[in-house]
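Just add 709 to the spot in the sequence shown (first one is 1) and you have this note's numbering. We put the CB at the ideal spot given by N, CA and C, even for glycine. Source: prediction; values computed, not measured. Notes follow the structure.
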Amino acid sequence: FEDSGTYTCSAANGTVEDTSEFHVSVEGIINVTGLVIVKSHQTAEMECLALVFSPESSTVTWWWREGPESTGNDTQVISGGPGGTDISTEVLGSDLFKSVLSIEVVDTTHTGAYMCVVSTGYNELAADLMLLLEKERPHTPVNLTVSGIGPTWLTL
């Protein structure tokens, strides 16, 4: 925000000199966790921090898409959705607020790209996050018995 203000541009060609003033307004900055990896059936928390002029009048919308690229069919995420979805937003200071999207029981239907969109009334800021499931080793089989053996095969 400290770069907001009035700037002056002057140009001269030896004969003519011209000066013009313009105003630059930094509307906001958004920061997200980026990549979230959780185990299946665990809780995932995705965090979106926004530095804006008026956090109390700003709104946050979360979007989900199955793949990494938007196809125009993005789905808005709401609190109380599948898997125990919850969205909490709080003002942390005069120009900072945080929104957290939590999913209590993550499974493969929740993985994909998420987007945090902050609407300030002047513009929109957006940032992408990716939710992935951690790969788990399969359980070691137990109590196996061999029922047949051949030259290149084995039947359990």
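Quick check: what's the CA-CA separation for Tyr831 versus Val725? In the sequence shown, residue 831 corresponds to position 122, counting from 1. In the sequence shown, residue 725 corresponds to position 16, counting from 1. Spanning the alpha carbons of Tyr831 and Val725 requires a straight line of approximately 37 Å.
Below-8 Å beta-carbon distance, Thr818 vs any chain C residue: The displayed structure is made up of one protein chain only, and chain C is not part of it.
Under 8 Å Cβ to Cβ from Thr817, same chain only, skipping five residues before and after it: list those, please. Mapped onto the sequence shown, residue 817 falls at position 108. If we look at Thr817 and ignore the five residues flanking it on each side, its Cβ neighbours are Ser749 and Leu842.
When Ala753, Leu853, Ser766 and Asp783 are compared against Leu805, the one with the closest alpha-carbon: Taking the first residue of the sequence shown as 1, we reach residue 805 at position 96. Here the closest residue by C-alpha is Ser766.
Thinking C-alpha only, which one of Leu810, Glu813, Gly821 and Ser763 is nearest Gly802? Residue mapping note: residue 802 aligns to position 93 of the sequence shown, counting from 1. The candidate whose alpha carbon is nearest that of Gly802 is Ser763.
Are Arg774 and Gly821 close, meaning C-beta to C-beta below 8 Å? Taking the sequence shown and counting its residues from 1, one reaches residue 774 at position 65. Taking the sequence shown and counting its residues from 1, one reaches residue 821 at position 112. Their beta carbons are under 8 Å apart, which means Arg774 touches Gly821 by this criterion.
What beta strand (DSSP E) runs, 3 residues minimum, are completely inside the segment 782 to 862? 784 to 786, 794 to 800, 805 to 812, 821 to 828 and 833 to 842
If you run the structure through DSSP and keep just helix, strand and coil, what is Ser766? One-based indexing of the sequence shown puts residue 766 at position 57. Residue state, collapsed to three classes: helix.
For Gly790, which of Thr768, Val814 and Thr798 has the nearest alpha-carbon? Sequence index remark: in the sequence shown, residue 790 carries index 81 (1-based). Scanning Thr768, Val814 and Thr798 for the CA closest to the CA of Gly790 turns up Val814.
Excluding sequence positions up to five away, which residues of its chain have a Cβ less than 6 Å from the Cβ of Asn740? Numbered from its first residue, the sequence shown carries residue 740 at position 31. Contacts found: Leu758.
Look at Leu840 and Tyr823 and say whether their C-beta atoms are less than 8 Å apart. Start at 1 with the first residue of the sequence shown, and residue 840 comes out as number 131. Start at 1 with the first residue of the sequence shown, and residue 823 comes out as number 114. Yes.
Pull up the CB-CB distance for Val827 and Val769, whole angstroms please, since I reckon it's below 8 Å. The count along the sequence shown starts at 1 and reaches residue 827 at position 118. The count along the sequence shown starts at 1 and reaches residue 769 at position 60. About 6 Å separates the two Cβ atoms, so the contact holds.
Whole-angstrom distance between Ile746 and Lys844, CA atom to CA atom: For the purposes of this step, residue 844 is taken as the residue at position 135 of the sequence shown. For the purposes of this step, residue 746 is taken as the residue at position 37 of the sequence shown. Going from the Cα of Lys844 to the Cα of Ile746 covers about 9 Å.
Tell me whether Ile858 is buried or exposed, calling it buried when 16 or more other Cβ atoms sit within 10 Å of its Cβ. Taking the sequence shown and counting its residues from 1, the one referred to as residue 858 is at position 149. Its Cβ having fewer than 16 others within 10 Å, Ile858 is exposed.
So which of Thr849, Cys718, Gly743 and Thr742 has the shortest CA-CA distance to Phe731? The residue given as residue 731 occupies position 22 in the sequence shown. Ranking the options by Cα distance to Phe731, first place goes to Cys718.
Which residues share a DSSP beta bridge with Leu744? As a working note, residue 744 is residue 35 in the sequence shown. In DSSP, Leu744 forms a bridge with Met839.
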